[in-house]
Structures are given as C-alpha cells and as structure tokens.
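Residue numbers (our numbering), protein chains in the order written: chain A, 162 to 293; chain B, 18 to 170.
C-beta: ideal position from N, C-alpha, C; glycine also.
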C-alpha cells in the first residue's frame with residue numbers, strides 16, 4: 162500500500178522568545194482542530210531554531226521576529242537555506258505593513274500580528290499549510 | 018537632537034492597550050487616566066520594559082500586579098503560574114505594545130527584546146522627567162503603562 166504523503170502529520174516548530182506565546186501556539190495546535198500537525202520543537206531564539214530544525218526537519222514554522230541571539234529575519238534566511246521548502250508563518254508584534262511585506266519578501270508564507278486570537282492563528286496556520 | 022512626542026501621538030498606546038485586552042480577554046480595560054507625569058512613577062510588582070532606538074529613543078514599561086498577570090495567563094490556558102512565567106508574560110505584553118507602535122510611528126522605530134523586572138521600585142530608575150502614564154483597570158485589577166520616548170532628528 163502506498164501511503165498518501167498528504168495524510169502524514171506536518172512537522173511544526175514554534176519559535177518565540179516568550180514562553181507564554183510558545184505555550185499558547187502549542188495549545189492552539191493541539192486543541193484547536195489542527196489534527197494533522199505534529200509539534201517537533203519549541204525554540205527560544207533563532208539559533209536554537211536552526212539547531213532544532215537540523216535535527217527534526219520541520220515543514221512548518223511559526224516565527225517571532227524580535228528575539229535575542231539570532232532574530233527572526235536572520236533565522237528565516239538560515240531555515241530557507243537549510244530547508245528550502247519550509248513554510249514559515251511570522252507571528253510578530255511588529256505589525257506595520259512594511260515589516261509584513263519584508264517578511265514575505267524574505268520567503269515567509271504568512272504573517273500574523275500580535276496580539277492574536279486563537280482563530281487568527283488557526284486560520285493563518287491552515288493557509289500556510291495548504292500552501293505546501 | 019531630540020523632540021518630545023505630543024500627547025496626541027502618545028495616545029496610540031491607549032488604543033494598543035485596549036486592543037491587547039480586547040483580543041486576549043474579550044473584555045476592554047477601563048482606562049482610568051492618561052497624563053504626562055513626573056519621573057515619580059509608582060509601579061506594580063511585575064514589569065516588562067522594551068527599549069526604543071532608531072528614529073526614536075526611550076522605552077515603554079508595562080507594570081502589573083501578580084493577580085492580573087495570572088488571570089491573563091489562565092485565560093490563555095496557561096497552567097504554569099510561576100514567577101518566571103509571570104515575568105515572561107508581562108515582558109511579552111510590553112513587546113506587543115512596543116511592536117504595535119510601529120504601525121503609527123513607522124518602521125524606523127526599532128524595539129529591543131523585553132527586559133523584565135520584579136519589584137515595584139525597579140521602574141522608577143528607568144523613567145525620565147516627563148513620561149506619558151496610562152493607568153487602567155481590568156477585571157478590578159490595576160495596571161500601568163508608562164511611555165517615555167522622544168523622536169530623533
């Protein structure tokens with residue numbers, strides 16, 4: 162039997178320097194009807210995200226921008242070099258239009274501004290996953 | 018050269034605070050006062066500070082009592098109510114308010130990662146002469162947002 166690759170859970174990595182946000186995104190994914198997603202890691206900064214991504218090969222990433230050590234902009238570049246097909250959803254408080262456009266130009270597939278509702282995040286994640 | 022921001026410009030932070038509580042708790046806070054104060058600001062126990070650079074200089078401070086931060090966490094489904102997590106949460110609120118200010122003040126406003134301080138006296142040393150102080154109540158709990166920033170030329 163040939164397994165359908167679309168039926169396999171998508172591997173998700175959550176990157177944010179706030180524990181509150183990492184936990185919240187994780188809860189939305191696990192309790193919010195995104196059954197086809199498997200959480201493979203939580204990273205507190207860009208450098209940690211790159212290390213985890215090397216080991217776990219995520220397909221979807223939620224990415225904060227303002228973080229210590231390596232910020233989200235640099236991390237997006239590193240992740241796309243490492244995993245060119247990765248789908249990145251930026252989740253950031255930098256809610257001005259030019260930041261959102263810059264993130265998309267860098268290769269992110271979507272942008273959610275903080276503060277966000279569970280529904281905002283769920284819909285954005287679904288959009289990004291469908292873009293796979 | 019530095020230029021003080023006008024009170025009307027600083028009111029964008031009132032909108033940001035309102036929106037934060039509305040989105041996260043589905044309940045707007047009551048803004049109890051908003052004024053240009055003195056450096057003698059009385060804060061609460063949990064404080065998040067984001068520093069501005071680039072086209073502006075200064076910072077925004079979010080100051081909350083532990084009960085309010087706990088309620089914000091519980092409403093988001095968080096069960097870890099340790100001191101570290103309360104500090105993380107108030108830092109994230111400051112990060113959100115600081116980041117959202119770019120929508121009005123432009124992408125030349127750069128924001129730092131949040132610094133977190135435990136203890137009400139910690140913020141006094143950070144505040145200069147005339148900060149813009151917003152006091153609020155949400156669900157019977159007080160909180161304070163202090164904006165102290167200038168435009169660079």
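With distances taken from CA atoms, which of B:92, B:109, B:49 and B:93 is nearest residue 65 of chain B? B:109
Leaving aside the five residues before and after residue 81 of chain B along the sequence, list all residues of the same chain whose C-beta is less than 7 Å from its C-beta, in chain order. When the five nearest sequence neighbours on each side are left out, the beta carbons in the same chain lying within less than 7 Å of the beta carbon of residue 81 of chain B are those of 61, 63, 107 and 160, in order along the chain.
Check whether chain A comes within 8 Å of residue 124 of chain B, counting only Cβ atoms and requiring the distance to be less than that. yes
Per-residue burial, residue 196 of chain A [other beta carbons within 10 Å of its own, 16 or more giving buried]: exposed
Extent of the continuous alpha helix (DSSP H) to which residue 97 of chain B belongs: Counting along the chain, residue 97 of chain B falls outside any alpha helix (DSSP H), and DSSP gives it neither H nor E.
Would you say residue 36 of chain B faces chain A, with C-beta separation under 8 Å as the test? Taking Cβ atoms only, chain A reaches closer than 8 Å to residue 36 of chain B, which makes this a yes.
Report yes or no: is there a C-beta of chain B within less than 8 Å of the C-beta of residue 231 of chain A? no
Any non-hydrogen atom of the ligand MG within 7 Å of residue 151 of chain B CB: This structure simply doesn't include the ligand MG, nor any ligand for that matter.
The region 107–127 of chain B / the region 72–86 of chain B touching (three or more Cβ pairs under 8 Å): In this structure the region 107–127 of chain B lies against the region 72–86 of chain B, because at least three pairs of beta carbons, one per stretch, are closer than 8 Å.
Cβ-based contacts, 7 Å cut-off: residues of the region 125–157 of chain B near chain A: 128 and 130
Compute the beta-carbon to beta-carbon distance between residue 115 of chain B and residue 69 of chain B, rounded to the nearest angstrom, for a pair I have assumed lies under 8 Å. 7 Å
Chain-ordered neighbours of residue 28 of chain B on chain A, where CB pairs are closer than 7 Å: Within 7 Å Cβ-Cβ: nothing; residue 28 of chain B doesn't reach chain A, min ~17 Å.
Classification of residue 90 of chain B by the beta-carbon crowding that lies within 10 angstroms, buried from 16 upward: buried
Span separating the alpha-carbon of residue 186 of chain A from that of residue 289 of chain A: Going from the Cα of residue 186 of chain A to the Cα of residue 289 of chain A covers about 15 Å.
Given a cut-off of 8 Å, decide if residue 29 of chain B and residue 118 of chain B are closer than it, judged by their beta-carbon atoms. yes
Starting from residue 347 of chain A, trace the alpha helix (DSSP H) in both directions and tell me its first and last residue. Residue 347 of chain A cannot be examined here, being either before or after the span of chain A that is shown, 162 to 293.
Which same chain residues, not among the five before or five after residue 164 of chain B, have their C-beta less than 7 Å away from its C-beta? These residues qualify, in order along the chain: 27, 30, 77, 148 and 149.
Residues bridged to residue 163 of chain B (per DSSP): Answer is B:78 and B:150.
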